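Below is one structure, written out as structure tokens, with a few remarks after it.
Residue numbers (the numbering used here): 90 to 312.
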């Protein structure tokens with residue numbers, strides 16, 4: 090048995106608590122993009138185990154590696170989507186789950202074990218995925234569907250007026266800073282989704298949950 094240990098790193102997109110300003114932008118990349126050196130990646134550790142048939146440990150280990158890839162890919166999708174959304178979309182993700190290698194950047198062995206007594210092979214891998222490739226496929230499947238079109242920025246600013254006696258409803262916030270930003274976007278030729286449109290499509294509770302860091306809520310509103 091070979092053991093190699095290394096502290097696991099984990100990439101997550103933080104959705105921190107926002108007091109005055111919550112700015113969200115969703116950018117769609119074209120199909121012809123390149124992977125930048127040092128780009129964010131999803132890194133997970135996962136195990137795979139396979140029975141040995143006809144003393145063929147080479148084939149057994151290869152199957153164990155494939156199972157480890159699948160298990161790591163499930164962890165990656167749960168990290169991106171949140172467990173609730175992942176479980177709800179399992180049927181849509183079925184074909185994607187069959188091809189984890191398509192989204193793997195690299196991997197390395199952490200543990201390898203072949204049991205001659207119990208006739209099985211087990212491996213533990215550290216698998217690094219391309220998050221952009223995963224997000225692109227999820228968008229194509231409509232799971233990470235955005236409320237805005239490609240090359241469109243969506244920005245919400247939650248700013249309380251210091252002079253107002255009673256705070257207005259969430260969708261009624263129209264601070265001067267947001268109006269100014271809206272004008273700049275329009276002047277630059279950027280398509281803008283209005284508050285009125287968003288208020289008809291998104292529940293206020295989901296917006297606040299996304300701001301608080303709920304990945305499932307963020308996915309549901311198209312972030």
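Where a beta carbon is used, it is the ideal one built from N, C-alpha and C, also for glycine. Small disclaimer: the values here were computed from a predicted structure and weren't measured.
| query | What residue from 292, 276 and 271 has the CA that sits closest to residue 282's CA? | reply | Taking residue 282 as reference, the option from 292, 276 and 271 with the minimal CA-CA separation is 271.
| residue 314 to residue 186 span [Cα, whole Å] | It is not possible to answer for residue 314, since the shown part of the chain is limited to 90 through 312.
| Nearest-angstrom beta carbon gap, residue 133 and residue 153 [assumed within contact, 8 Å] | The pair is not a contact, with the Cβ atoms about 16 Å apart (cut-off 8 Å).
| Does the pairing of the region 188 to 196 with the region 135 to 153 give three or more beta-carbon distances under 8 Å? | In this structure the region 188 to 196 does not lie against the region 135 to 153, because fewer than three pairs of beta carbons, one per stretch, are closer than 8 Å.
| field | Under the three-state DSSP convention, the category residue 183 falls into | value | Residue 183: helix per DSSP, three-state reduction.
| message | Taking the straight line between their C-alpha atoms, what separation do you get for residue 227 and residue 269? | response | Between residue 227 and residue 269, the C-alpha separation is close to 33 Å.
| task | Would you mind giving the Cβ-Cβ distance between residue 131 and residue 218, rounded to the nearest angstrom? I have them listed as a contact below 8 Å. | result | Between residue 218 and residue 131 the Cβ distance is about 4 Å, and since that is below 8 Å, they are a contact.
| Three or more C-beta pairs below 8 Å linking the region 300 to 307 and the region 159 to 173 | Yes, since at least three Cβ pairs between the region 300 to 307 and the region 159 to 173 fall closer than 8 Å, the two stretches touch.
| query | Can you tell which of 230, 221 and 196 has its C-alpha closest to the C-alpha of residue 178? | reply | It is 230.
| request: Have a look at the DSSP bridge pairing and note the partners of residue 212. | output: Bridge partners of residue 212 according to DSSP: 137 and 201.
| task | Determine the DSSP secondary structure at residue 93, reduced to helix, strand or coil. | result | For residue 93, the predicted model reports a pLDDT of 38, less than 50, meaning its position is unreliable; a value from the coordinates is still stated below. Coil.
| field | Alpha carbon of residue 163 to alpha carbon of residue 198, nearest angstrom | value | Cα to Cα, residue 163 sits roughly 18 Å from residue 198.
| said: For residue 158, tell me which candidate among 136, 176, 149 and 148 has the shortest Cα-Cα distance. | reply: For the set 136, 176, 149 and 148, the Cα lying nearest the Cα of residue 158 is the one of 136.
| query | Is residue 210 closer than 8 Å to residue 150 when the C-beta atoms are compared? | reply | By the CB criterion at 8 Å, residue 150 and residue 210 fall inside the cutoff.
| message | Could you compute how far the alpha carbon of residue 206 sits from the alpha carbon of residue 139? | response | Roughly 14 Å separates the two Cα atoms.
| query | Taking just the CA atoms, how far does residue 225 sit from residue 155? | reply | Cα to Cα, the separation comes out at about 23 Å.
| query | Would residue 196 pass as a contact of residue 215 if the rule is Cβ separation under 8 Å? | reply | Yes, these two residues count as a Cβ contact at 8 Å.
| message | In this structure, how does DSSP classify residue 291 when only helix, strand and coil are distinguished? | response | Residue state for residue 291 is assigned as coil, using DSSP reduced to three classes.
| Terminal residues of the continuous alpha helix (DSSP H) containing residue 226? | Where residue 226 is concerned, the enclosing alpha helix (DSSP H) stretches over 220 to 229.
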